[in-house]
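J.:
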Amino acid sequence: PQGLQDCVAELLQPFQGDSIDMVAGIDAMGFILGAAVAATLRKGFLAIRKAGHLCVQTVTQPYTDYSGREKVMEVRTDAISPGLRILLVDQWVETGGTMRAAIQLVERLGGVVAGRRGLPGASWGASPRVAAASPVPGCSAEPLAPCPAGVAAICIEDSEGARWIRERYKCAHCVPPHLQPRFDQHQ
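Take 1 as the starting number for the sequence shown in the UniProt record's numbering and just add one per residue.
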């Protein structure tokens, strides 16, 4: 239990003081981490599922996963009201396709994942502990605009898709800078 608590605390550090209305976890490992984050924040939890698993009205989004397979995810249409500030949580952001699809679903329903950055290429990066040691490439520890919520994952790889997410959304992950290259190269 202590390892999970430490991970959640690390992921939430960049969002201290931010208004978060709900936590959304991405199918399936994001459910475990997202539920723990939601419980810590005492906020509601929303499951963003692979298509075909929800028995209510949904909105869907096609995407290409980390293996290059075409897939579809869905979220219930009645769970996100306009302006709802949502922290998206998943275990891993590899190519960024799955997270980007989740962002599109939330934003299509009027939810707010995170504020846009003032300048291309500047964004939040690792948690303050990680950022202080050595910033993740392409990330800044200082925001250019206030962000009410964002993206959290145990690891956010340095891929084209992940860079797109980092450039536009406040992000947090738990991988120390000296280990990041090993995760990026799948070692």
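Yeah, the Cβ is synthetic: ideal placement off N, Cα and C, and Gly gets one too. These numbers come from a predicted model, not from an experiment.
If contacts are defined as beta-carbon pairs under 8 Å, then residue 112 and residue 84 qualify, I think. What distance do you get, rounded to the angstrom?
T.: The sequence position of residue 112 within the sequence shown is 112, counting from 1. The sequence position of residue 84 within the sequence shown is 84, counting from 1. That belief holds up - the Cβ atoms of residue 112 and residue 84 are roughly 7 Å apart, short of 8 Å.
J.: In its own chain, which residues sit with a C-beta less than 8 Å from the C-beta of residue 97, not counting the 5 before and 5 after it?
T.: For the purposes of this step, residue 97 is identified with residue 97 of the sequence shown, where counting begins at 1. Excluding sequence neighbours, residue 97 sits near 63, 64, 65, 66 and 161.
J.: Answer yes if the stretch 91-109 comes into contact with the stretch 159-173, meaning at least three C-beta pairs across the two stretches below 8 Å, and no otherwise.
T.: Verdict: yes, contact present.
J.: Where residue 45 and residue 100 are concerned, what is the direct C-alpha to C-alpha distance, given to the nearest angstrom?
T.: Taking the first residue of the sequence shown as position 1, residue 45 is located at position 45. Taking the first residue of the sequence shown as position 1, residue 100 is located at position 100. Straight-line Cα distance between these residues: approximately 19 Å.
J.: Give the straight-line distance between the Cα atoms of residue 144 and residue 19, rounded to the nearest whole angstrom.
T.: Taking the sequence shown and counting its residues from 1, one reaches residue 144 at position 144. Taking the sequence shown and counting its residues from 1, one reaches residue 19 at position 19. Because residue 144 carries a pLDDT of 37, less than 50, the predicted location of this residue cannot be relied on, and the following value inherits that uncertainty. C-alpha separation (whole angstroms): 17 Å.
J.: Give me, in chain order, the residues of the same chain whose beta-carbon lies closer than 6 Å to that of residue 72; leave out the 5 immediate sequence neighbours on both sides.
T.: On the sequence shown, position 72 is the one that residue 72 refers to. Cβ within range, chain order: 51, 60 and 62.
J.: Going by C-alpha distance, which of 89, 91, 90 and 78 is nearest residue 108?
T.: Residue 108 sits at position 108 when you count from the first residue of the sequence shown. Among 89, 91, 90 and 78, the Cα nearest to that of residue 108 belongs to 78.
J.: Go ahead and label residue 182 buried or exposed: buried means 16 or more other beta carbons lie within 10 angstroms of its beta carbon, across all protein chains shown.
T.: Mapped onto the sequence shown, residue 182 falls at position 182. So residue 182 ends up on the exposed side.
J.: Pick helix, strand or coil for residue 184, following the three-state DSSP scheme.
T.: On the sequence shown, residue 184 is found 184 positions in, with the first residue counted as 1. DSSP places residue 184 in helix when its eight states are reduced to three.
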